[in-house]
Amino acid sequence: MRGVFDNIPTAFKVSKASMAEFPTLNGQSVSYAVLQYPAGGVNPPHTHPRSAELLFLVDGALEYNPDCDIPATAISAFGSASAGTVSVPMSVFATGIDDVILAKAFKTDVATIKKIKAGIGKP
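Just so we're aligned: 77 in the UniProt record's numbering is position 77 of the sequence shown, and the numbers increase by one with no gaps anywhere.
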């Protein structure tokens, strides 16, 4: 992870240090992630089903502001070697659930659901 603090990515980027990357963490109950946010970047809504998360802001500012012009870097610490990440947008809109059902569930129309799906990457 050398150089991770020197290069600001053009999109939100996560560099993990978990059991998947370092098998020797198995049984250690710890893992980390470096989160890099470009100016105006967004971390999609998510949960960690097997751990709590402690976020430490190293540089920049994290705020609810789509016009933010300052990049930020943060480190997340987890109380598990395999915290897992469940992306809310992917879990809802990339599942194959019929667009009509999603539109009804979110009290919107199918066109809006299609726009949301178009903005979400492939799983």
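For each residue, glycine too, the CB sits at the ideal point set by N, CA and C.
Using a 10 Å radius around the Cβ and a threshold of 16 neighbouring Cβ atoms, would you call residue i buried or exposed?
i      : result
LEU57  : exposed
TYR37  : buried
SER18  : buried
ALA20  : exposed
PHE78  : buried
ALA33  : buried
ALA118 : exposed
Would you mind reading off the limits of the alpha helix (DSSP H) that contains residue i?
i     : result
PHE93 : 88-93
VAL30 : Note, VAL30: premise wrong, no alpha helix (DSSP H); not H, not E.
Let me know the secondary structure DSSP gives residue i once reduced to three states.
i      : result
ASP59  : strand
LYS16  : strand
THR108 : coil
THR47  : strand
Assuming the contact rule is C-beta atoms closer than 8 Å, residue i and residue j should be a hit. Round their C-beta distance to whole Å, please.
i      : j     : result
ALA39  : PRO71 : 5 Å
ILE113 : ASP99 : 5 Å
SER76  : LEU55 : 5 Å
GLN28  : ALA94 : 32 Å between Cβ atoms; not a contact.
Whose C-alpha, out of the options, is nearest the C-alpha of residue i?
i      : options                       : result
SER51  : PRO44, SER31, THR73 and GLY41 : SER31
HIS46  : ALA118, ILE97 and VAL92       : VAL92
PRO49  : ALA74, SER87 and ALA33        : SER87
LYS16  : ASP59, ASP6 and ALA74         : ALA74
ASP59  : GLY96, ASN7, THR85 and ALA103 : ASN7
ILE116 : THR24, TYR64, PRO44 and GLY84 : PRO44
ALA11  : PRO23, LEU35 and ILE97        : LEU35
Specify, as a first and last residue, the run of the beta strand (DSSP E) that residue i falls within.
i     : result
THR73 : 72-78
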